[in-house]
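Number of protein chains: 2
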Amino acid sequence: MKDYTIILREHNLKATPQRLAIINTIDNYGHINIDKLYEDIKLKFSSISLATIYKNINTMIKEMLLLEVKLPNEKSVYEIVKDNHSHLLCKECGKVEDIFIDTKKIIDEISSKHTYTISQSDVVLSGSCESCKVI
Amino acid sequence: MKDYTIILREHNLKATPQRLAIINTIDNYGHINIDKLYEDIKLKFSSISLATIYKNINTMIKEMLLLEVKLPNEKSVYEIVKDNHSHLLCKECGKVEDIFIDTKKIIDEISSKHTYTISQSDVVLSGSCESCKVI
DNA sequence: CTCTGTGCAAAGCGTTTGCAAACGA
DNA sequence: TCGTTTGCAAACGCTTTGCACAGAG
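Residue numbers (the working numbering), protein chains in the order written: chain A, 112 to 246; chain B, 112 to 246.
Put into structure tokens, the structure is as follows:
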């Protein structure tokens with residue numbers, strides 16, 4: 112498992128056990144919402160408070176270590192900032208996967224038709240994953 | 112201005128003045144968030160309560176007359192259900208425009224690489240609109 | 001040693017609910 | 001008339017805040 116101690120310090124954040132637990136759990140899951148994150152961390156860190164989770168999520172988002180992903184009909188999930196990518200969501204089980212789409216083509220096309228300068232793209236494709244399809 | 116009386120009745124909803132005001136205001140703005148919607152309707156309908164707005168937004172979403180659009184770093188906006196389309200957001204002024212992207216191509220590409228059955232795509236491109244670009 | 005972070009409880013805020021009265025069909 | 005909707009106030013749930021203590025650097 113990756114050690115986030117140095118990375119946190121580079122962002123002027125102290126590497127407390129709570130903070131490390133939070134970022135490691137997010138890393139481990141890939142994408143996770145607040146409730147599951149709290150539930151999961153509490154198993155091994157029973158004294159942690161929900162307020163600590165919230166405070167840390169927010170500071171790490173400000174420091175651009177984490178990113179909130181808004182999903183249709185679901186609670187937001189959090190992920191570690193990485194290369195530009197999109198998301199695939201299973202409407203049945205809520206599982207989220209990273210996907211790589213050539214958004215440049217889309218952005219160029221829209222840029223030529225509209226007068227916007229586009230700097231960001233948020234794409235979520237939703238459906239049924241393999242295991243939920245059968246049900 | 113379009114008359115939503117019949118459309119509401121077709122969805123088994125009574126065409127009350129409050130409800131008509133809500134749907135007409137959304138139609139008029141194209142995309143609007145709860146706060147602006149309440150503020151705007153209150154001008155001409157000072158007795159309306161925020162609870163009524165919420166209840167109606169929710170029933171009309173259930174009846175598939177309205178759709179919630181989740182945006183990065185912004186409050187959700189509501190729109191009247193129409194043909195499949197995507198959104199263009201100005202990060203400066205919050206303005207939202209409809210855009211038309213060939214999502215079929217993207218979906219086909221992802222479907223062939225992943226095992227998901229994709230049934231929905233939510234795309235938001237963000238940047239600066241013409242009037243905000245200069246600032 | 002100093003300053004940041006934690007945990008608790010309280011406050012805050014947006015949204016929902018229960019209910020009596022009003023209203024649409 | 002009957003069932004739905006409204007408006008109010010209270011309740012609710014999620015998130016943030018204030019503060020004293022603990023802990024990282």
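C-beta atoms are modelled at their ideal positions from N, C-alpha and C, and glycine is treated no differently.
* **In chain order, each alpha helix (DSSP H) run of at least 4 residues that lies wholly inside the stretch 142-189 of chain B** => 145-155 and 161-173
* Asked: Comparing the C-beta of C201 (chain B) with each C-beta of chain A, is any distance below 9 Å?
  -> For the purposes of this step, residue 201 (chain B) is taken as residue 90 along the second sequence, with counting starting at 1. Cβ-Cβ to chain A under 9 Å: yes for C201 (chain B).
* To do: Could you name the residues of chain A that K186 (chain B) contacts, counting a contact when the two beta carbons are closer than 8 Å?
  => Within the second sequence, residue 186 (chain B) is the residue found at index 75, counting from 1. Chain A residues near K186 (chain B): none, gap ~11 Å exceeds 8 Å.
* To do: Would you decide whether E121 (chain B) is buried or exposed? Buried here means 16 or more other CB atoms lie within 10 Å of its CB.
  => The residue labelled residue 121 (chain B) in the question sits at position 10 within the second sequence. It counts as exposed.
* **Residues that DSSP places opposite I210 (chain A) in a beta bridge** => As a first step, residue 210 (chain A) must be located in the first sequence, where it is residue number 99. BP columns for I210 (chain A) point to A:S197.
* **Beta bridge counterpart(s) of G238 (chain A) as assigned by DSSP** => The count along the first sequence starts at 1 and reaches residue 238 (chain A) at position 127. BP columns for G238 (chain A) point to A:C201 and B:I229.
* Taking C-beta pairs closer than 8 Å, name the residues in chain A that T228 (chain B) reaches, listed in chain order. => For this step, residue 228 (chain B) is matched to residue 117 along the second sequence. Simply G238, S239 and K244.
* To do: Would you verify that the beta carbon of D114 (chain A) is, or is not, closer than 9 Å to some beta carbon of chain B?
  => Counting from one through the first sequence, the residue named residue 114 (chain A) turns up at place 3. Chain B contact via Cβ: absent.
* In or out: T116 (chain A) buried (at least 16 other Cβ within 10 Å) or exposed? -> For the purposes of this step, residue 116 (chain A) is taken as residue 5 along the first sequence, with counting starting at 1. Burial call: exposed.
* Asked: Which one of A:G141, A:I134 and A:E185 has the shortest CA to CA distance from I168 (chain A)?
  -> Working through the first sequence from its first residue, we reach residue 168 (chain A) at position 57. Checked all of A:G141, A:I134 and A:E185; the closest Cα to I168 (chain A) is A:I134.
* Taking just the CA atoms, how far does K193 (chain A) sit from S223 (chain A)? -> Residue 223 (chain A) sits at position 112 when you count from the first residue of the first sequence. Residue 193 (chain A) sits at position 82 when you count from the first residue of the first sequence. Distance between the alpha carbons of S223 (chain A) and K193 (chain A): 28 Å.
* Among residues of its own chain, excluding the 5 on either side of K153 (chain A), which ones have a beta-carbon nearer than 7 Å to its beta-carbon? -> Indexing the first sequence from 1 puts residue 153 (chain A) at position 42. These residues qualify, in order along the chain: I159.
* Pull up the CB-CB distance for H198 (chain A) and V235 (chain A), whole angstroms please, since I reckon it's below 8 Å. => Stepping through the first sequence from its first residue, residue 198 (chain A) is reached at position 87. Stepping through the first sequence from its first residue, residue 235 (chain A) is reached at position 124. The Cβ separation is near 5 Å, so the contact holds.
* To do: Determine the burial state of D219 (chain B): buried for a count of at least 16 other Cβ atoms within 10 Å of its Cβ, exposed for fewer.
  => The residue labelled residue 219 (chain B) in the question sits at position 108 within the second sequence. Looking at its Cβ environment, which holds fewer than 16 other Cβ atoms inside 10 Å, D219 (chain B) is exposed.
* Would you report the Cα separation of Q231 (chain A) and K202 (chain B), rounded to the nearest angstrom? -> The residue labelled residue 231 (chain A) in the question sits at position 120 within the first sequence. The residue labelled residue 202 (chain B) in the question sits at position 91 within the second sequence. Each residue's Cα considered, the two are about 10 Å apart.
* Asked: How close, in whole Å, do the beta carbons of C240 (chain B) and T226 (chain A) come, if the pair is a contact with beta carbons under 8 Å?
  -> In the second sequence, residue 240 (chain B) corresponds to position 129, counting from 1. In the first sequence, residue 226 (chain A) corresponds to position 115, counting from 1. Contact flag correct, Cβ pair sits at about 7 Å.
* **Of the residues A:T228, A:E179 and A:Y189, the one placed nearest K215 (chain A), counting alpha carbons only** => The residue labelled residue 215 (chain A) in the question sits at position 104 within the first sequence. Among A:T228, A:E179 and A:Y189, the Cα nearest to that of K215 (chain A) is on A:T228.
* Can you say whether G141 (chain A) is buried or exposed, counting buried as having 16 or more other CB atoms within 10 angstroms of its CB? => As a working mapping, residue 141 (chain A) is identified with position 30 in the first sequence. G141 (chain A) is exposed by the Cβ-count criterion.
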